[in-house]
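Undergrad:
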Amino acid sequence: MSGNEDLRVAILSVVARLEEKGFNHGSSGNVSCRHGDGVLITPTGGNSGNTAPDEIVRITYDGTVIGEGMPSSEWHMHTQILRAFPHVQAVVHTHADACVALSCLRKPIPAFHYMVAGFGGDDIRCARYATFGTADLAASAVEALDGRTACLLANHGMIAMGKTLEGAFNATIKLETLARQYILALQAGEPVLLPPEEMARVRGKYGSYGAGRVPG
Ligand SMILES: [Zn+2]
């Protein structure tokens, strides 16, 4: 694993922190990062306790394994996202509770809080349903991520991307927090949504202090 050990350790650090947050039920989460002309991705069934750095799997963008191991069953989603968004370096997928709950409504998270604008638009979309592990789910996620840095996956979970692994991890934490807060607001009443002009103003402010469109 010469030359990319740091990156492999960094991927496992993200996995461990997703577990600490309770986002990685039964190894359901997976993490990937570009490396050279391929992608490093967590192995199928991998968690921070059962995976060594050299067990992070290296694959090409068409899913061919370079070396050994079996990549996450969601490798289509990771590689298609990295192909579709050249500025993105890392992708995190989880079944975090609040995101899963909202994904079952198959609706976007609207502009109930200004921080929704930090994901690139006036809402955070929910990708149309497709069976887990399929190229069709990957295409659905790419569609929902257009102009955004994260989305929900219908009846499944969430996906976030970043210019770095830390950026993708932080976007995951922010999205799950917003999802939980949106559910709380829905329980208390009918949230008042921010108008598009206010969301545009917030996006401008994020841009002005470097938060940008892809967290990084
Ligand atoms: Zn999943």
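For the sequence shown, the positions run 237 to 452 when the working numbering is used. All C-beta atoms in this analysis are idealised placements derived from N, C-alpha and C, irrespective of residue type, glycine included.
(1) Is I292 helix, strand or coil when you go by DSSP?
(2) What does DSSP give as the partner residues of R342 in its beta bridges?
(3) Is G219 near ligand 1, in the sense that its beta carbon is under 8 Å from a heavy atom of that ligand?
(4) Taking the CB atoms as reference points, tell me whether G274 and R244 lie closer together than 9 Å.
(5) How about the region 313-322 and the region 388-403: do they share at least three Cβ pairs that are nearer than 8 Å?
(6) Taking 8 Å as the cut-off, does the CB of L389 come closer than this to any heavy atom belonging to ligand 2?
(7) According to DSSP, what are the bridge partners of R270?
(8) May I ask you to report which of helix, strand or coil DSSP gives E434?
(9) Quick one: using the 10 Å Cβ neighbour count with 16 as the cut-off for buried, is P307 buried or exposed?
(10) Any heavy atom of ligand 1 inside 8 Å of the beta-carbon of H312?
(11) If you measure from the CB of F368, is any heavy atom of ligand 1 nearer than 8 Å?
TA: Concretely, from the data shown:
(1) coil
(2) Per DSSP, none; premise fails for R342.
(3) Nothing can be reported for residue 219: it is not among the residues displayed for the chain, which extend from 237 to 452.
(4) no
(5) The count of Cβ pairs closer than 8 Å, one atom from the region 313-322 and one from the region 388-403, reaches three, so the stretches are in contact.
(6) This structure does not include ligand 2; its bound ligands are ligand 1.
(7) V275
(8) helix
(9) buried
(10) no
(11) yes
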